[in-house]
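Just so you know, we're using my numbering here: the sequence shown kicks off at 227 and counts up by one. Inspection log for the structure reproduced underneath, given as C-alpha cells.
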Amino acid sequence: MPQTKATKKSTPKSTPKAVKKVAEKVAKKTVKKAAKKTAAATTKIATASSVTKEKKESVADTGFAEGDYIVYPMHGVGLVTGIQKQTILGNKTLCYILEIQSNKMKVVIPTNKATETGIRSIIKKTDVKKVTALLRKDEVDTEEDWKLRYQNNLNKIKSGSIYSVAEVCRNLYKRARDKELSLMEKRLYESAYNLITSEIAIAKDITQEEAGNMISDILS
C-alpha cells in the first residue's frame, strides 16, 4: 500500500497590521479600565472631602460634631448622629441630625440655627456640684398663684439651663411635701427631674438610674 504523508496544519502568519490592531485593542482596554478606576477614586475622594468639609463647617458654627451629646431645651439630652445637607424651603442647608435619648425621636436642626434654638453642650463633670448645691438650698417658691407659678417654672425649663431646671425641681419637690401639686405641676416636676438626671448621667458617665438615686437622696 502506498504510504500517505501526514499533512501539517498550516498556521496563519501574523502580519504586522494584525499585530498592530491587537496591540491597539489591548491598549484601549487598559486605558478604559484605568480611567474607570481613576474616576471611582476621584468620586470617593470628593465624597470624603465633602463630608469632612460639612463636619468642619458645623464645628465652626457651634462646636458640635458627629458623636457629641448635646442638650436641646424641653427635650433633654440628644446625640448628634449625623451632619448632612438637607433641603429646607428649597435651599440646601447644613443640618445636625439629633436623636433625643429619652424617646429616640429624630430632630433636624440647621447648624446656623443651633444657638437660636438653645442647643448647648453637656455640662462638665465638675459643674455637677453646682447643680447639687442648688438642689440643697433651703429656698422655696413663694408664688401662691399656681398659674403664674406654673408659667414661671415652664419658662425656666424652656431656657435650657440646667441650673434653672434644678430650681424648678427643688421648689416643686418642697411644695409637694406641704401640699399636693396640680396634675400640670406634677408633670412639670417629672420633666425637670428627668432633664437633670439624664444630663448628669452623661456628665458623670453613670446610668440615669444612678443619677436619679443621687438627686433623690439630695432632695430628701
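Backbone N, C-alpha and C fix where the C-beta goes; we use that ideal spot for every residue, glycine too.
In this structure, the alpha-carbon of residue 363 lies about 16 Å from that of residue 440. In the structure shown, the three-state DSSP call for residue 365 is coil. Beta-carbon to beta-carbon, residue 383 and residue 300 are separated by about 6 Å, close enough to satisfy the 8 Å threshold. Between the stretch 323-338 and the stretch 289-308, the count of Cβ pairs shorter than 8 Å is three or higher; the stretches touch. For residue 376 against residue 411, the beta-carbon gap comes to about 6 Å, under 8 Å, which counts as contact. For residue 324, the enclosing beta strand (DSSP E) stretches over residues 317-326. Around the CB of residue 337, 16 or more other CB atoms lie within 10 Å, so the residue is classed as buried.
Beta-bridge pairing by DSSP links residue 408 to no other residue. Looking at 404, 405, 366, the one whose alpha-carbon comes closest to that of residue 393 is 366.
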